[in-house]
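S.K.: Numbering (the UniProt record's numbering), first residue to last: 1 to 106. Using N, Cα and C, we set each Cβ at its ideal position, and we do this for glycine too. As the structure is a computational prediction, the values presented were derived from the model and not from experiment.
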């Protein structure tokens with residue numbers, strides 16, 4: 001990406017019209033990774049989306065250790081419970097029903 005000036009810059013892939021904050025879908029196909037730092041209740045989180053296709057290999061690894069590596073320390077949130085109420089068969093948080101886990105191999 002070029003050096004940003006006043007919130008503008010060109011991305012090598014998935015460009016959002018010379019803007020660093022996409023307000024519309026970027027150029028397809030593009031892998032989308034969104035990171036929120038100090039979000040709700042000061043928590044950091046991210047999500048990956050392939051809804052517009054993919055062009056960059058991503059890897060999401062569970063470190064299987066640390067402060068939030070158990071169902072007790074990483075419970076469902078109000079948001080995940082609301083989502084689960086609306087879509088009971090959906091996987092809504094890290095330690096949701098393990099029978100709902102889907103594996104995607106590319």
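For residue 73 and residue 67, I'd like the C-alpha separation in whole angstroms.
M.R.: Residue 73 and residue 67: Cα-Cα distance of roughly 7 Å.
S.K.: Within this structure, are the beta carbons of residue 33 and residue 48 separated by less than 8 Å?
M.R.: A contact, by the Cβ cut-off of 8 Å.
S.K.: For my contact list, residue 80 and residue 52 are in at a C-beta cut-off of 8 Å; report their separation, rounded to the angstrom.
M.R.: 24 Å between Cβ atoms; not a contact.
S.K.: Ends of the alpha helix (DSSP H) at residue 47?
M.R.: Note, residue 47: premise wrong, no alpha helix (DSSP H); beta strand (DSSP E) at 45-49.
S.K.: Residue 83 and residue 92 - do their beta-carbons sit closer together than 8 Å?
M.R.: Yes. Within cutoff.
S.K.: Could you check where the alpha helix (DSSP H) with residue 86 kicks off and where it finishes?
M.R.: Note, residue 86: alpha helix (DSSP H), 78-86.
S.K.: Assuming residue 67 is part of the beta strand (DSSP E), what are its boundary residues?
M.R.: No beta strand (DSSP E) holds residue 67; DSSP gives it neither H nor E.
S.K.: So, at 7 Å on beta carbons, what are the nonlocal neighbours of residue 96 in its own chain, with the 5 sequence-adjacent residues on each side left out?
M.R.: No residues qualify anywhere along the chain.
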